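A short write-up of the structure that comes next.
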Amino acid sequence: MTVAPSLRPSLLRRVLVGVAALAVGSAAAVTTGPAPSPASAAPGPDPAVTQHVVAISIDGLNPSAISPERTPALTRLRRNGAGTLNARTEREMTVTLPNHTGMVTSRRIEAAEGGHGVDWNDERQDPATVQEAAGGPVGSVFSVLNNNGRSAAVFTSKEKFRIFDRSWDRGVDRFTRRTDNRELMTLAIRDIARQRRPFTFIHLSAPDVAGHADGFMSRAYLRAVQAADAQVGRLLAALDRRSRLRANTTIVLTADHGGRGEGHSDPTKLDNYRVPFLVWGAGAARGADLYRLNPDFANPGTGRPTYSAPRQPVRNGMVADLALDLLGIDAVKGSELDRRQNLEVR
Ligand SMILES: [Zn+2]
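Under our numbering, the residue at position 249 of the sequence shown is numbered 1173, and the numbers go up by one with no gaps.
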């Protein structure tokens, strides 16, 4: 279905949601608002289907490590949500900072092609910001939320993520770094329960750290995946104890890259560029495969599609535009991955 641009369907829908919110209170409006548009609707955000998005990135999570016994929490997200274990990273690089910058900007990496330009993976402060890296303005889920008067927080286990706080200072209302993943999750859960922010980003590093020390997919690595899963399980348990919060929260879980053996930096290897992408909660279908839900996207098999492939794979860089879509907000200006917000998760 094509709708004339002059009708501004997304704006109209948002006005309707707003009116409903004024009439009956925002919590009820989210669950009783206008019915979602069909999957073929014009681009732009659907009405808000959730009040809170928690994006979780498990650093270096190879989907081959996911199993009901080892990762009960991820298995719950997968079985009771909409997801795929065959999503893709950024095509250019399979390392941490470039891929996480992709997640929060929904851009590719290569600056000359409109990407965010963060093509390094350390704590350097020159360039100091993503905007300097790109050579121009770069928005993010944080800046868009800030422009909409909404709040966001980042909980990360690596110092290099500080560039997000420098780049979108007003959009990142809280930035917390703890190496200890358990302590980090404790702080994140407390913040999620108390602050009820629209967007929280949580980064768990344990599998990547174990992978570099003992090999990706090694026994030590698999134990670290299990430990990361346990942290996700703590968040799910915290939501289970708060039924209203849980009813209004959606989790989007992915990874920056996978890995096997010594590392993960070769972007041409399947084990490095294949990642999970799981959506669970208020805004997500239960037990759905994302490629079956989305005929506009194509399961890449074992391939590594370019950004110009007519049907794109689900990519980890779709986190920002999807999160905004779930919250009923337009995509990040200048973004590319799910810019039309047509990745449907329900
Ligand atoms: Zn690594």
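We treat Cβ as the ideally placed atom computed from N, Cα and C, and that holds for glycine. Here the structure is a predicted model, which means the values were calculated and not measured.
Are residue i and residue j closer than 8 Å when you measure CB to CB?
i     : j     : result
I1087 : T1124 : no
G1207 : V1256 : no
R1228 : T1192 : yes
L1177 : I1033 : no
L1251 : L1001 : no
P992  : R1198 : no
L1261 : V1149 : no
R1166 : A1117 : yes
V1065 : L1214 : no
I1113 : R1143 : no
P1219 : N1010 : no
Buried or exposed, going by whether 16 or more other CB atoms sit within 10 Å of the CB of residue i?
i     : result
D1164 : exposed
A997  : buried
Q1265 : buried
T995  : buried
A989  : buried
S1232 : exposed
R1168 : exposed
E1186 : exposed
Of the residues the options, which one's Cα is nearest the Cα of residue i?
i     : options                       : result
R1101 : R1118, V1149, R1090 and H1127 : H1127
R1216 : R1048, A1058 and L1267        : L1267
V1068 : S1091, L1177, S1081 and A1134 : S1091
V1078 : R1121, V1062, G1041 and E1047 : R1121
F1221 : R1210, T1230, G1211 and P1234 : P1234
W1204 : R1168, G1183 and N1172        : N1172
F1140 : D1195, L1160, N1072 and V1019 : D1195
G1258 : A1162, M1017 and E1037        : E1037
Excluding the five sequence neighbours on either side, which residues of its own chain have a C-beta within less than 7 Å of the C-beta of residue i, listed in chain order?
i     : result
R1106 : Q1155
H1040 : T1025, G1026, T1029, R1031, I1033, V1054, A1057, A1058 and V1062
S1129 : D983, S1081, K1082 and N1105
According to DSSP, residue i sits in a beta bridge with which residue or residues?
i     : result
S981  : H1127 and T1178
V1078 : F1099 and F1125
I'd like the list of long-range same chain contacts for residue i, defined as Cβ closer than 8 Å, with 5 residues on each side in sequence excluded.
i     : result
V907  : Because the chain is modelled from 925 through 1270, residue 907 falls outside the range shown and cannot be assessed.
V1096 : F1066, A1076, A1077, V1078, F1088 and D1089
Using a Cβ-Cβ cutoff of less than 6 Å, which residues in the same chain neighbour residue i once the five nearest sequence positions on both sides are dropped?
i    : result
P962 : Unreliable positioning characterises P962 in this predicted model, as indicated by a pLDDT of 45, which lies under 50. The coordinate reading is nonetheless provided below. No residues qualify anywhere along the chain.
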